[in-house]
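As structure tokens, the structure follows; a few thoughts come after it.
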Amino acid sequence: RQPIVMMTGSHHAQGYWFPSGEGRDLKRFPFMYRIDQGRWITDRANFLIKPAKHGLANTAGVWNHLCDRCHTTHPQPRLEENGNYDTHVAEFGIACESCHGPGAAHAQSIASGEGSATQIVNPLSLSPRQSAEMCGQCHAETTFKTKEAYFNWAHHGDYYRPGESLEDYLKIKDTDVHAFWQDGMVRISGREFNGLVNSPCFAHNDPSRQMSCLSCHVMHQPADDPRSRKEWANDQLKLSMDSNRPGLHNNQACTQCHAEYTDEEKLTAHTHHAPTSTGSVCYNCHMPHSTWGLMKAMRSHTISSPNVEESLSPVGRPNACNLCHLDKTLLWTAEKLHQQYDQPIPQLNEEQRDTATGLLWGLQGDAAQRALIAWNMGWLPARETSGTDWMVPLLAQLLVDPYDAVRSRAALTLRTILGDDNLDYDFLAPEADREAAQADVLRNWEARAMVRKGDVMSELLLKPNGQLDQERFDRLLRWRDDREVFLSE
């Protein structure tokens, strides 16, 4: 028995920590509570990592020198000569001074009636880059620039304060197999600053048009915001930037600079979609759900334009077009982008020409790609655009995937297609139980073959009789990328 001395997480999952018996070093309890699912899971199941390779749960001191840097206010790890930590923090969690800097003088002057706003940092008064760096102190994949900088952090907590230059302390990374696609685009959650700095909207020199985190997000919910506190807190988006709200297909996040696209004719000419469709929501094409974390897909935060090249080896990142048109091939997308935007058509192999991208990536992709596809198959715009019945064999296959996170997301998406009552499945159940659930899903799906008969396409791996082309399905599955994946969110 051990006492739980700290809990972390409030939106999606809660983690628990207990004393290691070595200084103030903490160990992580090997189970987590999924708030959204209302259940306990193993801690490894909360991350995209191969179970057999997981060894972090009982490592003492991880919180003291890693987690606390972004999940507390003004932490001081205080590494001692014996290798243990005597960690102190100003506050547990993200509090005022995380964004506004040291506030003692401000608080004292307010109490004395002589308060001045100049005695504390206001992110809104900073330059776009400075305000973004304030977020980037936590929302970035970084490394300390020198051993001395790390030493000062580990022993004394000396570190960046809001309003300073982040790169005086940290190097902003753009390569790491656990965090980036091979072209340098970030692929894990919580690293939005890395995505922002690689965007042309951030890189140009006009401060009046330079994008920052505060272009779209707001850290204090306005009093007149009609959303619930919980709804706002999920992404902390300004109301006018929240294109996920039902019926609200506005593009104010982008049209605050690109005002020409407030004109419906110009918008339609640019997107080649109806102005009220999800295909004309700027985010969906220029910031697709191609990063992973918190057991779900998230927007990339790099403003880019879709192309087929990014989906080919060695990058392999699902492009924005096919994250919605999951039922279409890469050739279909390449031809559309060629017709509409004069993009060259790259050389494609047989599967890329003849097989729907959702099936291609879901069967042949690595674990992270499979997780992204399972999530996007549950994304409403993709479901409305691509249909869902053809997805069932792939999602059934992912119920027996080696990765916990892939199985979990596949089951959640399948339930949106089949209904909760038609899927008796637990992604952490014994392998035999998972295989039985898979077989049950496929039996029920095959029994509905007559509904599909005569209205099928070979790119969906369906025969004219509505049944699955098992031979092609298995051939693609044999070439699955089984290289080990660990996304270090």
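Using my numbering, read the sequence shown as starting at 1 and increasing by one per residue. By construction, the Cβ of each residue, glycine as well, lies at the ideal position given by its N, Cα and C atoms. As the structure is a prediction and not an experimental result, all values here were calculated from the model.
Proximity winner among the options, relative to residue i (alpha-carbon distances)
i, options, result
"Leu359", "Leu395, Asn349, Glu335", "Leu395"
"Tyr85", "Glu97, Leu442, Glu22, Gln37", "Glu22"
"Leu170", "His74, Glu133, Gly190", "Glu133"
"Leu331", "Leu348, Tyr341, Gly316, Leu323", "Leu348"
"Asp327", "Ala95, Ser304, Leu462", "Leu462"
"Thr416", "Arg434, Asn376, Ala405, Asp404", "Asn376"
"Arg39", "Gln130, Ala13, Ser488", "Ala13"
"Asn284", "Trp292, Thr59, His325", "His325"
"Gln470", "Gln256, Gly163, Val406, Leu363", "Leu363"
"Thr146", "Glu167, Ala140, Gln130", "Glu167"
"Arg69", "Glu81, Ala90, Gly83", "Ala90"
"Cys213", "Ile120, Arg227, Gln369, Leu237", "Leu237"
"Glu265", "Cys257, Gln256, Arg299, Pro275", "Pro275"
"Asn64", "His139, Lys27, Glu192", "Lys27"
"His286", "Ala411, Leu399, Pro318, Leu312", "Pro318"
"Thr262", "Asn250, His272, His273", "Asn250"
"Pro175", "Ser313, Arg448, Ile188, Gln2", "Correcting the residue identity first, residue 175 is Thr in this sequence and not Pro. For Thr175, the nearest C-alpha among the options comes from Ile188."
"Tyr403", "Arg370, Pro393, Lys230, Pro381", "Arg370"
Unbroken alpha helix (DSSP H) run spanning residue i, endpoints
i, result
"Phe202", "200 to 203"
"His492", "Here the chain comprises residues numbered 1 to 489, so residue 492 is not present and cannot be evaluated."
"Pro128", "128 to 136"
"Thr416", "404 to 418"
"His74", "Premise fails: His74 lies in the beta strand (DSSP E), 72 to 76, not in any alpha helix (DSSP H)."
"His286", "282 to 286"
"Gln470", "470 to 478"
"Cys324", "320 to 324"
"Ala223", "No alpha helix (DSSP H) contains Ala223, which DSSP labels as neither H nor E."
"Trp232", "229 to 235"
Where residue i sits in the DSSP three-state scheme
i, result
"Lys27", "strand"
"Gln397", "helix"
"Ala432", "helix"
"Ile345", "coil"
"Gly378", "coil"
"Trp153", "helix"
"Lys490", "Because the chain is modelled from 1 through 489, residue 490 falls outside the range shown and cannot be assessed."
"Arg299", "strand"
"Arg34", "strand"
"Ser165", "coil"
"Gly358", "helix"
"Ser240", "helix"
"Ile4", "coil"
"Gln491", "In the structure displayed, the chain extends from 1 to 489; residue 491 sits before or after that span and is not available."
"Ile110", "helix"
"Ile188", "strand"
"Ile120", "coil"
"Leu214", "helix"
"Tyr160", "coil"
"Leu330", "helix"
"Phe491", "Only positions 1 to 489 of the chain appear in the structure, and residue 491 is not among them; the question remains open."
"Leu79", "strand"
Span separating the alpha-carbon of residue i from that of residue j
i, j, result
"Trp232", "Gln221", "7 angstroms"
"Asp424", "Gln340", "45 angstroms"
"Ala203", "Glu97", "28 angstroms"
"Trp361", "Asp235", "28 angstroms"
"Asp158", "Gln76", "8 angstroms"
"Pro200", "Arg209", "11 angstroms"
"Leu48", "Ala374", "13 angstroms"
"Phe180", "Ser488", "10 angstroms"
"Ser386", "Ser458", "15 angstroms"
"Met211", "Met298", "19 angstroms"
"Leu239", "His178", "33 angstroms"
"His74", "Phe427", "38 angstroms"
"Ile303", "Ala253", "12 angstroms"
"Val121", "Pro128", "14 angstroms"
"Leu126", "Val197", "17 angstroms"
"Thr268", "Cys282", "11 angstroms"
"Gly83", "His155", "11 angstroms"
"Thr278", "Asp242", "13 angstroms"
"Ser165", "Gly101", "13 angstroms"
"Asn307", "Pro51", "34 angstroms"
"Tyr150", "Gly293", "26 angstroms"
"Arg409", "Met295", "7 angstroms"
Span of the beta strand (DSSP E) around residue i
i, result
"Ile41", "39 to 42"
"Lys171", "170 to 172"
"Val89", "88 to 92"
"Gln14", "13 to 19"
"Pro273", "Here residue 273 turns out to be His, not Pro, going by the sequence shown. Where His273 is concerned, there is no enclosing beta strand (DSSP E), given that its DSSP letter is neither H nor E."
"His289", "289 to 293"
"Phe144", "142 to 144"
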